[in-house]
């Protein structure tokens, strides 16, 4: 077990090292200005270009938790909007999905509307929502929530509608009040589906975080990307890519950890049934 | 003894207002006294499960009434608890064993609830397994958890819907004896649905034999075998074999079904030697 861990940690380090090395070799072979080698990119995580350059993401100061002004000025506002949008989507998706999952009639009535509204490409709404909600955080939060609510909503509907008939009869036969059936039966039973919807939504939220800052933004990682392109701060642009990849990786890891803890019963139960 | 359960002219038709109504239950009447064990036995598809759900108050019959302790039920009566056939689907895999047993007790304060759950688990021989998950236990143990969950609500009537159909024969005999010993200790009334004739006679004070759908009561047979019952002694007793014989013929002899009442009332002590012959002609 422990050996496996060491092994997988080692193989991760090796594969990252190899990737960086290939990246370095390929970009050195190319003489394009737009493809700087990682040895030029990584220093830009720590120090800006000065002048037109943006403040860096990382710093050498322990009192700032080794995070630079670029992190506090741009990454934090972006992530804070993303998290609020995501939480809003989870609340709306799980509540709405539970209601629709419980009622066949409601589900039939809403089926068409849900699929119709869902078909709107979310970025197309950015302009509309700036007009409706003005500038600032609100249109961005709503845009993120609108874009990522669908996998949560649809998975919750599926999960709640698929609760085992016999378990429902158990709840009825033991005269469990409806509210406790919700918390004790429907939501736990649907939790594998809900969490997989939340996982899809989380990676989608990161994409929408960037897109929501394309217009009407005064700070944020997305705005930085656009400005870096405009001012040809190419190594800064790539440094942002690396930083975003790290953030995405951390989110995904946190999600996996949570899923593993909450759904241990499901994996183990499936395993014991195979045996 | 007082009347525990009365099933009065129950009839049920699925889709009564559609073009193709299906009559599952024709007319069923029987009653049960407090502390008795009744086994409802019948061929598969005879509406046993429908009858069970009606008795549990989970379903409203098209005709007739079910009375518990003298009053007609409307919804699930609180004196009643149920054990379902498929333990893997009736237990909640996200809860530990003790939490499963506590789930129907959430209206009671925590220490009492825990006490009831642990006591019920001890009663079914699962002391020390409280913190396991159901899927960590064998099939027979999982069904014990389901029985403990039903006992923990301290019901006066226990309904069991083919409770041992999904376990192997060894486990099955153990669970049958567990149910009998719990019944002897608590004096609870038990209604058990089964398709196993031996099981019905072994467990019951009263066997209710049903016909195929639309099911009616072929006969209610009072089983007068001594208690406590024993897997060997009881099942080898001539009276056991005679009861078994009779129930078998009720269910399997297509010609004799109609005149069941007259024919078999006199044959309760049918010689066991003729049994194989009758079984051959019956099937």
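Chains as they are written, first to last, in the working numbering: chain A, 235 to 509; chain B, 164 to 446. Don't be surprised by glycine CBs; every beta carbon is placed ideally from N, CA and C.
Residues bridged to residue i (per DSSP)
| i | result |
| --- | --- |
| residue 169 (chain B) | B:194 and B:230 |
| residue 446 (chain A) | Looking at the DSSP assignment, residue 446 (chain A) forms no beta bridge with any residue, so it has no partner. |
| residue 378 (chain B) | B:188 |
| residue 245 (chain B) | B:322 |
| residue 352 (chain B) | B:320 |
| residue 203 (chain B) | B:356 and B:371 |
| residue 383 (chain B) | B:371 |
| residue 235 (chain B) | B:230 |
| residue 174 (chain B) | B:226 |
| residue 301 (chain A) | A:292 |
Beta-carbon proximity list for residue i, same chain, < 8 Å, skipping 5 on both sides
| i | result |
| --- | --- |
| residue 420 (chain A) | 332, 335, 336, 394 and 397 |
| residue 358 (chain B) | 204, 205, 206, 207, 211, 325 and 328 |
| residue 236 (chain A) | none |
| residue 400 (chain B) | 388 |
| residue 270 (chain A) | 261, 468, 469 and 472 |
| residue 285 (chain A) | Note that residue 285 (chain A) has pLDDT 47, beneath the 50 cutoff, so the model's placement of it is unreliable and the number below is only indicative. Contacts found: none. |
| residue 303 (chain A) | 289, 290 and 293 |
| residue 439 (chain A) | 316, 319, 320, 323, 378, 381 and 382 |
| residue 305 (chain A) | 291 and 292 |
Cβ shell of residue i (< 6 Å), same chain only, five flanking positions each side left out
| i | result |
| --- | --- |
| residue 451 (chain A) | 457 |
| residue 421 (chain B) | For residue 421 (chain B), the pLDDT reaches just 46, beneath the cut-off of 50, and the residue's location in the model is therefore unreliable, although a value from the coordinates is still provided. The answer is none, since no qualifying residue turns up. |
| residue 418 (chain B) | With a pLDDT of 48 at residue 418 (chain B), under the threshold of 50, the modelled position of that residue is not reliable, and the figure given next carries that caveat. Closer than 6 Å at the Cβ level, and outside the excluded window around residue 418 (chain B), lies no residue. |
| residue 510 (chain A) | This structure does not reach residue 510 (chain A), given that chain A is present from 235 up to 509, and the question cannot be answered. |
| residue 513 (chain A) | What is shown of chain A runs 235 to 509, which leaves residue 513 (chain A) out entirely. |
| residue 244 (chain B) | 313, 316, 318 and 321 |
| residue 442 (chain A) | 378 and 381 |
| residue 169 (chain B) | 194 and 230 |
| residue 427 (chain B) | In this predicted model, residue 427 (chain B) has a pLDDT of only 44, less than 50, meaning its place in the structure is not dependable enough to derive any value. |
| residue 490 (chain A) | none |
| residue 505 (chain A) | none |
| residue 184 (chain B) | 176 and 178 |
| residue 423 (chain B) | With a pLDDT of 44 at residue 423 (chain B), under the threshold of 50, the predicted position of this residue should be treated as unreliable, though the coordinate-derived value follows. Cβ neighbours of residue 423 (chain B) beyond the five flanking positions: 381, 382 and 413. |
| residue 307 (chain B) | 287 and 289 |
| residue 319 (chain A) | 375, 378 and 379 |
| residue 437 (chain B) | Note that residue 437 (chain B) has pLDDT 39, beneath the 50 cutoff, so the model's placement of it is unreliable and the number below is only indicative. Nothing meets the Cβ criterion. |
Proximal residues to residue i (C-beta, below 7 Å), its chain only, five neighbours per side dropped
| i | result |
| --- | --- |
| residue 425 (chain B) | Unreliable placement is indicated for residue 425 (chain B), whose pLDDT of 43 sits below 50; the coordinate value is still reported in the next sentence. Counting only Cβ-Cβ distances below 7 Å, and skipping sequence neighbours, we find nothing. |
| residue 215 (chain B) | 322, 324 and 356 |
| residue 454 (chain A) | 308, 311, 312 and 447 |
| residue 365 (chain B) | 339, 392, 397 and 398 |
| residue 227 (chain B) | 171, 172, 173 and 174 |
| residue 166 (chain B) | 194, 196 and 233 |
| residue 346 (chain B) | 200 and 353 |
Chain A contact residues for residue i, given Cβ-Cβ distances below 7 Å
| i | result |
| --- | --- |
| residue 267 (chain B) | 408 and 410 |
Supposed close pair residue i, residue j - CB separation, criterion 8 Å
| i | j | result |
| --- | --- | --- |
| residue 326 (chain B) | residue 355 (chain B) | 7 Å |
| residue 385 (chain A) | residue 431 (chain A) | 4 Å |
| residue 386 (chain B) | residue 371 (chain B) | Residue 386 (chain B) to residue 371 (chain B), Cβ: 11 Å. No contact. |
| residue 309 (chain B) | residue 246 (chain B) | 5 Å |
| residue 376 (chain B) | residue 187 (chain B) | 5 Å |
| residue 477 (chain A) | residue 279 (chain A) | 7 Å |
| residue 359 (chain A) | residue 449 (chain A) | Contact flag wrong, Cβ pair sits at about 12 Å. |
| residue 401 (chain A) | residue 437 (chain A) | About 32 Å; that fails the 8 Å criterion. |
| residue 201 (chain B) | residue 361 (chain B) | With a Cβ gap of about 16 Å, residue 201 (chain B) and residue 361 (chain B) do not count as contacting. |
| residue 415 (chain A) | residue 221 (chain B) | At roughly 14 Å, the Cβ-Cβ gap does not stay under 8 Å, so residue 415 (chain A) and residue 221 (chain B) are not in contact. |
Contact set between residue i and chain A, taken where Cβ atoms lie within less than 8 Å
| i | result |
| --- | --- |
| residue 316 (chain B) | 408 |
| residue 241 (chain B) | 409 |
Closer than 8 Å at the beta carbon, the chain B residues around residue i
| i | result |
| --- | --- |
| residue 398 (chain A) | 252 |
| residue 342 (chain A) | Under the 8 Å cutoff, chain B gives no residues; its nearest Cβ is about 20 Å from residue 342 (chain A). |
| residue 495 (chain A) | Result: empty, since nearest Cβ-Cβ is about 12 Å, beyond 8 Å. |
| residue 506 (chain A) | 298 and 299 |
| residue 414 (chain A) | 269 |
Chain A contact residues for residue i, given Cβ-Cβ distances below 9 Å
| i | result |
| --- | --- |
| residue 195 (chain B) | By Cβ distance, chain A contributes nothing, its closest Cβ being about 19 Å from residue 195 (chain B), past 9 Å. |
9 Å Cβ cut-off: residues of chain B touching residue i
| i | result |
| --- | --- |
| residue 403 (chain A) | 216, 219, 221, 245, 247 and 253 |
| residue 331 (chain A) | Per Cβ cutoff of 9 Å: no residues; residue 331 (chain A) is ~19 Å from chain B at best. |
| residue 246 (chain A) | Going along chain B, no residue has its Cβ under 9 Å from residue 246 (chain A), so there is no contact; the nearest lies around 32 Å. |
| residue 418 (chain A) | 255, 258, 266 and 269 |
Listed by chain order, chain B residues near residue i by CB distance under 7 Å
| i | result |
| --- | --- |
| residue 296 (chain A) | Those do not exist, as residue 296 (chain A) stays about 43 Å from chain B at its closest Cβ, beyond 7 Å. |
| residue 503 (chain A) | 256 and 298 |
| residue 499 (chain A) | 256, 257 and 296 |
Where are the alpha helix (DSSP H) runs, 4 residues long or more, that stay fully inside the segment 313-361 of chain A, in chain order?
-> 338-352
Quick one: complete beta strand (DSSP E) runs, 3+ long, within the segment 456-482 of chain A?
-> none
Every unbroken alpha helix (DSSP H) within the segment 264-328 of chain B, with a cutoff of 4 residues, ordered by chain | 273-286 and 302-315
Jot down the residue ranges of each uninterrupted beta strand (DSSP E) in the segment 385-410 of chain A, minimum 3 residues, whole runs only, in chain order.
-> none
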